[in-house]
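J.: Line order of the protein sequences matches chains L and X. Sequential numbering of the first sequence, starting at 1, is according to this note's numbering. Sequential numbering of the second sequence, starting at 515, is according to this note's numbering.
Number of protein chains: 2
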Amino acid sequence: MAEAAIRRRGRSGGGAARRAERTGLKIEASKYIERNIPLFNILTDEALEVIESNAEGILEEVGVNFVNNPAALERWRNAGADVDGERVRIPRGLARKLCETAPEKIIQHARNPERTVEIGGNTLVCAPVYGPPFVRDGAGGRRYATMDDFRKFVKLGYMSNWLHHSGGTVCEPTDIAVNKRHLDMLLAHMTLSDKPFMGSVTEPSRAQDSVEMCEILFGKSFVQENVVMTSLININSPMTFDDVMMGALEVYALNNQACVVSPFIVGGAMAPVSVTGTLTQVLAEVLAGVAYSQLIRSGAPVIFGAFVTSIDMNSGAPTFGTPEASQILYGAGQLARRLGLPFRSGGGLCGSKLPDAQAAYETAHTHNAALLGGVNFMLHSCGWLEGGLVSSFEKFVMDADQLGVLHQMARGIAHDENAQALDAIREVGPGGHYLGCAHTQSNFKDAFWRSELLDYKPFETWADEGGRDTQALAAARVEQLLAGYRKPTIEPDIEEALNAYVANKKASMPDSLY
Amino acid sequence: MAEAAIRRRGRSGGGAARRAERTGLKIEASKYIERNIPLFNILTDEALEVIESNAEGILEEVGVNFVNNPAALERWRNAGADVDGERVRIPRGLARKLCETAPEKIIQHARNPERTVEIGGNTLVCAPVYGPPFVRDGAGGRRYATMDDFRKFVKLGYMSNWLHHSGGTVCEPTDIAVNKRHLDMLLAHMTLSDKPFMGSVTEPSRAQDSVEMCEILFGKSFVQENVVMTSLININSPMTFDDVMMGALEVYALNNQACVVSPFIVGGAMAPVSVTGTLTQVLAEVLAGVAYSQLIRSGAPVIFGAFVTSIDMNSGAPTFGTPEASQILYGAGQLARRLGLPFRSGGGLCGSKLPDAQAAYETAHTHNAALLGGVNFMLHSCGWLEGGLVSSFEKFVMDADQLGVLHQMARGIAHDENAQALDAIREVGPGGHYLGCAHTQSNFKDAFWRSELLDYKPFETWADEGGRDTQALAAARVEQLLAGYRKPTIEPDIEEALNAYVANKKASMPDSLY
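Set out below in structure tokens:
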């Protein structure tokens, strides 16, 4: 049985073991999830073929816009598309053909080789929340995020043993100038964690900075030959590819770095209200975006992204963890697999303002759909609150703990002789109990997943300890983790060079709001 | 597309419409869920065959105990089993053969024909929490349940439009003598709701009382020819069938009433710590129990039950909503379908003391597994708290609202011309938005499921209204629902006869603690 994903947890040979000895603190970390269970395929082949045919029809007939990007239009024209102003109409079959050179699986390297992840096939790599301008915790409430908050989230991510990836903009450090904050964010990921991370996409020049900082961290030739960043390229749905995002994609593709090409859709606003209509548009957009990445560099690593949610037609608010969002996730996963691309979707998505029951219901729906729907890269796995406006400290550790559920589910069900447990059933017999039997004794340690956060105590103990809810337990865990944080070791020369790069870059330009 | 389950919502022809007119209150109620999506089959055929073979081997070699029940032993001996004291060893193939006469689908009638449910095949019928001795609400905390609490839960169940079934012991009315409380409970289900319900199982004579009260409510011949109760028969795992539960099963089977034959297992205590070992024992127990029901009356309606959870090996506490519990649910569903029996499992199970994020994570895991795992009858769908010790008013309405998510997921994904939405994509084009387009206008009302409880408001509005969490929103909803409750109409003669039956029965015996 492929229980490798779990057995790997706590593995600490070589460098990690030496580091642990030096620091006195052992960070257990699970590798990415490898699924040993089937996937849930909600759509029939017939439905998939309808969607695929319609998507190609839309590309040919309606087309997509590449805005402020004459070079992109030129590339499309040379590839055989019909270019009219900024509108690119792609003949049936062309985009799909171009997508064929994108790899099925991406190995993203971490500076600690034990944290290197595989994205594609039967894997699921979990990365934290991305993008919120606010943070919230129980004590301080909701407030604008700062660089200090950012560093705390990176530390929490480093210490979360079911989280595989350090992510990107875990919150927007609003106290740093917009044109400089990417430097501080990358420096934090590179020095406060040893997990893989994402590059900047807010300007092509910032993508270039990301590449250059990686060249310092990993070495220049290593970066050209290996993926060391997976960065988020959103499509301006419907069917618009803006020059900023495409400029960043161009930098990354040229440098052989991975991008998630991701429609960002609130159904009913940026796509039709129907699931099938939305899937059609998602596929058309991803086909165009991935095909474009291959025009930049054939073989550039790309992930089929689908960030799709629904809308509350009463208030116009986006809603999360809804059944329609799950249906779209399941369907998009099938489309990605048929295209042979790694798939990004899911996350601990919710609309709630607080890390309460609503947040957890919605998050669990999306987590489950991500596992069974074949997601390979799950951004926003933990910490997402209030429709993505807020990074929540408590929810970060709550969701990160829940990712353990997905790991255990993914192990599948062994049915070897030990798992069959016939001797145990014979030994115990009718009316007995299994607590002390030989099979239980030799298997109990690994038999059941155990939360490190949730309450399993007797009522009286729980009441004596203050009758805390999950948010209160999580607040205590945040404090405990941050107090126990120790920085992973890094070559002093490299850290110095990174600091110098950031200082020089910052000194080279005035602060800017854009 | 089979979107019937949803379209039926709000249907109010005939009697319901007239009732609504009379009372001025319209109770919308969805019929049971009919799945238009595939199921998630976690086990391979090979694994299923191993489990089936092992279960039959256990029945033959180890056997089961029928305690204090000489008539049962006699029945087994006559059927060809090897009976040794109270131990019944069932030759390979016999139990499975006996199960063949149990029906694949059960139609349970409600006194309001529009609330009649089908249990089996592609359906999912949701019933509320069963059994807790305590109740909890935000204002009153945790306290022993009373008959007044019981009536409130029945009223809430009646008014929950995604809940199909009134259930049974929605909480234990501890202020009524044990030997009389079944009478008050049944009377409440029969008069305060018009949804289907469960009979008493705590004594064979109380099962008989349940049948007699149904004869008053439905008419004697109707009860003999139709299922009007689905009652819960727990197996004392491992592999013990006690005389009280079997006595109740005998009464119901003789009267052609449905029973859920359900192992009650905390894995690691009442079954092996391994998923496959537990599934083996579950199957052996259900085979023996269902076979026994067919010995009582061939063709008696029975449901394959599996109430299985895991244990925290640190504290010994049972845990809920865990990945192992989901794996067992998925596997047991496959076993039930191969046996051709309706399947009971799932529920809003959780270990949390409060209706907080833990409760919701755990509940959502189990709800999702129940939907995708093919559950036909989901007891404990809403209201379960603290490992089943507590019926929570807030969690009742929270979970009941969440059942709407399952309804919408189960609809599946239409791909007809309207769902394809090609005209909308053409109409809007790159850079536009769909809010006002023709397709959105004609579809938005039914496009997205909408919670009637959760918060979708802008942050400022939410904050102005007190910044309430889900529990606070739920407390308000409980109050609002109970204030708006109107009793469904019932023939005065029938109600009088029921009241008289209960009064006479109560007067006929002294209060007892057993």
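No residue lacks a Cβ here, since even glycine has one placed at the ideal position from N, Cα and C.
One question on the structure: do P972/X and S391/L come within less than 9 Å of each other, judged by their Cβ atoms?
T.: No, these two residues do not count as a Cβ contact at 9 Å.
J.: Where does N236/L sit, in a helix, a strand or coil, going by DSSP?
T.: Three-state result, N236/L: strand.
J.: With a floor of 4 residues, list each alpha helix (DSSP H) that falls wholly inside the region 680-709 of chain X, ordered by position along the chain.
T.: Taking only runs of at least 4 residues, the alpha helix (DSSP H) segments lying wholly in the region 680-709 of chain X are 695-706.
J.: Distance, Cα to Cα, L995/X vs F393/L?
T.: Rounded to the nearest angstrom, the two C-alpha atoms are 35 Å apart.
J.: Just to make sure I have the definition right: I need the residues of chain L whose C-beta is within less than 7 Å of the C-beta of A938/X. Which are they?
T.: Near A938/X (Cβ distances below 7 Å), the residues of chain L are P272, G277.
J.: Measuring only between beta-carbons, confirm whether M1023/X sits less than 9 Å from chain L.
T.: Answer no: the Cβ-Cβ gap between M1023/X and chain L never drops below 9 Å.
J.: If the cut is a Cβ gap below 8 Å, which residues of chain X does F448/L touch?
T.: Per Cβ cutoff of 8 Å: G781, G782, V787, S824, I825, D826, M827, T833, T836, E838.
J.: With H, G and I counted as helix, E and B as strand and the rest as coil, what does DSSP make of L25/L?
T.: Residue placement at L25/L cannot be trusted, given a pLDDT of 46 that sits under 50; the coordinates are not used to answer.
J.: With a CB to CB cut of under 6 Å and the five nearest residues on each side skipped, what residues in its chain are close to H182/L?
T.: These residues qualify, in order along the chain: S200, R206.
J.: Can you pull out the residues from the region 566-584 of chain X whose beta carbon lies closer than 9 Å to at least one beta carbon of chain L?
T.: Here the close residues are N568, G571, I572, E575, V576, G577, V578, N579, V581.
J.: With hydrogens ignored, establish whether the beta-carbon of T794/X is closer than 8 Å to any heavy atom of the ligand NAP.
T.: The ligand NAP is absent from the structure shown, which contains no ligands of any kind.
J.: According to the neighbour-count rule (16 or more other Cβ atoms, all chains shown, within 10 Å of its Cβ), is E560/X buried or exposed?
T.: That one is exposed.
J.: Between P38/L and V816/X, what straight-line distance do the alpha-carbon atoms span, to the nearest angstrom?
T.: So the alpha carbons of these two residues sit roughly 30 Å apart.
J.: In chain order, what are the residue ranges of uninterrupted alpha helix (DSSP H) at least 4 long that sit wholly in the region 381-417 of chain L?
T.: DSSP runs (the alpha helix (DSSP H)) wholly in the region 381-417 of chain L: 393-410.
J.: Taking 9 Å as the CB-CB limit, is K445/L close to chain X?
T.: Answer yes: the Cβ-Cβ gap between K445/L and chain X drops below 9 Å somewhere.
J.: Taking CB distances under 9 Å as the criterion, tell me whether H164/L reaches chain X.
T.: Output row for H164/L: interface = no.
J.: So with Cβ pairs under 9 Å, would you call P777/X a contact of chain L?
T.: Judged by the 9 Å Cβ criterion, P777/X is not in contact with chain L.
J.: If you compare alpha carbons, which of N550/X, R549/X, E588/X is closest to I810/X?
T.: The candidate whose alpha carbon is nearest that of I810/X is E588/X.
J.: Where does D149/L fall in DSSP's three states?
T.: Helix at D149/L.
J.: Quick one: which chain L residues come within Cβ less than 7 Å of H929/X?
T.: Going along chain L in sequence order, the residues near H929/X (Cβ under 7 Å) are A47, V50, T276.
J.: Could you check which residue in S451/L, F396/L, V375/L, H433/L has the C-alpha nearest to that of N122/L?
T.: Nearest of S451/L, F396/L, V375/L, H433/L to N122/L, Cα basis: V375/L.
J.: Let's test the definition: count the other Cβ atoms within 10 Å of the Cβ of F580/X and tell me whether it reaches 16, buried, or not, exposed.
T.: Buried: at least 16 other Cβ atoms inside 10 Å.
J.: Would you kindly report the start and end of the unbroken alpha helix (DSSP H) that includes Q358/L?
T.: Element bounds for Q358/L: 357-372.
J.: Can you tell me whether E285/L is buried or exposed? The criterion is at least 16 other CB atoms within 10 Å of its CB, across all chains shown.
T.: Buried, by the Cβ-count rule.
J.: What are the boundary residues of the beta strand (DSSP E) that R143/L is part of?
T.: 141-144 is the extent of the beta strand (DSSP E) around R143/L.
J.: For chain L, check one thing: does any of its Cβ atoms lie closer than 9 Å to the Cβ of L653/X?
T.: Before going further, note that residue 653/X is Ala rather than Leu in the sequence given. False, the Cβ-Cβ gap to chain L never drops below 9 Å.
J.: Do I842/X and T877/X count as a contact pair if the criterion is CB distance below 9 Å?
T.: Contact flag unset, no.
J.: Pull the bridge partners of C259/L from the DSSP assignment, please.
T.: In DSSP, C259/L forms a bridge with S231/L, V302/L.
J.: In the region 544-558 of chain X, which residues sit with their C-beta less than 8 Å from some C-beta in chain L, listed in chain order?
T.: The residues in question are I551, P552, F554, N555, I556, L557.
J.: Straight-line CA distance for G782/X to G131/L?
T.: Roughly 43 Å between the two C-alpha positions.
J.: Would you give the residue range spanned by the beta strand (DSSP E) that V64/L belongs to?
T.: Per DSSP, V64/L belongs to the beta strand (DSSP E) from 64-66.
J.: Around the C-beta of T461/L, are 16 or more other C-beta atoms found within 10 angstroms, so that it is buried, or is it exposed?
T.: Under this definition T461/L is an exposed residue.
J.: Pull up the distance between the alpha-carbon of A139/L and that of G652/X, whole angstroms please.
T.: Taking the straight line from one Cα to the other gives about 22 Å.
J.: Rank A79/L, E203/L, L186/L by C-alpha distance to the C-alpha of L513/L and give the top, closest one.
T.: Among A79/L, E203/L, L186/L, the Cα nearest to that of L513/L belongs to E203/L.
J.: Which term fits M1023/X, buried or exposed, when burial requires 16 or more other beta carbons within 10 angstroms of its beta carbon?
T.: M1023/X should be labelled exposed.
J.: What is the rounded straight-line gap between the Cα of E34/L and the Cα of A424/L?
T.: Taking the straight line from one Cα to the other gives about 30 Å.
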